[in-house]
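Report on the structure given below.
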Amino acid sequence: MTRAMFGLAHLTALELSPPALVTEAAGAGFTSVGLRFVPATPNGPAYPTRVGTEAHRALKQILTAEGVDVADIEFIQLTPDVDVQAFAGVFEAAADLGAISVTVSGDDHDNVRLTAHFAELCDLALPFGLRVDLEFMRWRAIGALPQALAIVRQANKSNGAVLVDALHLTRSGGKAGDLTSIPDEWLRAAQICDAGADTPSTEAAIIAEAREGRLPPGDGSLPLGDLLEALPADAFLSVEMPMPALETRVRIAAAFDATRRLLDRHSRGTMRPGQRRENSSTGRQI
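The opening position of the sequence shown corresponds to residue 15 in the numbering used here, with each subsequent residue numbered one higher.
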């Protein structure tokens, strides 16, 4: 089977532990995975790991045996009372597994405080070689691309960036063209999936769609071709496609096959106007 340089986001099969996710991802053809170390919701599923434990060593061995990298870890919520320094152990474990970035959300309506916390998290992450990607979601305090960009710009950290999710970009009223004027160093990664043409009518329905109602890339109405053309050519891609109606192995295989077909149809070397970009097979940089 042809292996491809794009990753599988853990939300696609969050019911799987990291070792099982790695094995299933490798079997489908993925070369990297994202791992959820921290729950995204109260009492939500997560799989913390700690350097020096037998479970951590076993996970490293499975990654090596399967030829799979860890692209990112998630999911830190930047709430008003977040204890940034408490994540040092999380970052140590992520770095030990070779991760490149950590995904965070903005959950504080006080932009000054949120920016300070984001900057502090970037400072904590930097010695571990980790980038901090701020992901915007319509139902969170940081719900749209301009808000996320403002936080990253004000924090002014070399390892701070924005994570663009195809679904969240569209559902928040954004479009692919909004990305073309953003510096490449702020767009190092993107998550892709597909969805229906109509935006759900309530916040609850929007959340439900994001967590269990996505479609394989290319099977819906999101302008994914435009998104791929607007992103830096070396931005790392992962597919985030939670579809609990599909059996886990079938879902992961569908995520790989659909993404491979999408990328085959769209060049990843398209240059943005006025910019020259080198294509990278790994996108593994902070």
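Ideal Cβ placement from N, Cα and C applies to all residues, glycine included.
- Annotation: the continuous beta strand (DSSP E) that includes residue 204 extends over 203 to 206.
- Of the candidates 172, 190, 140 and 169, 190 places its Cα closest to the Cα of residue 159.
- CA-to-CA, the gap between residue 124 and residue 94 works out to about 8 angstroms.
- For residue 184, the closest C-alpha among the options 208, 197, 84 and 232 is that of 208.
- Going by C-alpha positions, residue 133 is about 19 angstroms away from residue 86.
- Look at the beta carbons and you see the region 244 to 261 not touching the region 210 to 218: under three pairs across the two are nearer than 8 angstroms.
- For residue 259, no beta strand (DSSP E) run applies, since DSSP gives it neither H nor E.
- With fewer than 16 other Cβ atoms inside 10 Å of its own Cβ, residue 31 counts as exposed.
- With a threshold of 16 other beta carbon atoms within 10 Å, residue 29 falls short and is exposed.
- In this structure residue 248 is buried. Its beta-carbon is surrounded by 16 or more other beta-carbon atoms within 10 angstroms.
- Residue environment: residue 100 is assigned as exposed (fewer than 16 neighbouring CB atoms within 10 Å of its CB, all protein chains considered).
- Residue range 217 to 226 is occupied by the alpha helix (DSSP H) that includes residue 217, with no beta strand (DSSP E) assigned at that position.
- Separation of the CB atoms of residue 46 and residue 84 is rounded to 7 angstroms, and the pair is thereby assigned contact status at 8 angstroms.
- Counting every other CB atom within 10 Å of its CB across the protein chains shown gives residue 154 a total of 16 or more, marking it as buried.
- Scanning the region 97 to 145 for uninterrupted beta strand (DSSP E) segments of 3 residues or longer gives 115 to 120, listed from N- to C-terminal end.
- Across the structure, residue 270 and residue 114 are spaced so that their CA atoms are roughly 21 angstroms apart.
- CA-to-CA, the gap between residue 122 and residue 239 works out to about 33 angstroms.
- Using a Cβ distance threshold of 8 angstroms, residue 180 and residue 245 do not count as a contacting pair.
- About 6 angstroms separates the beta carbon of residue 22 from that of residue 252, a gap short enough to meet the 8 angstroms contact definition.
- Around the Cβ of residue 78, a 10 Å sphere holds fewer than 16 other Cβ atoms; the residue is exposed.
- Residue pairing by DSSP puts residue 250 in a beta bridge opposite 203.
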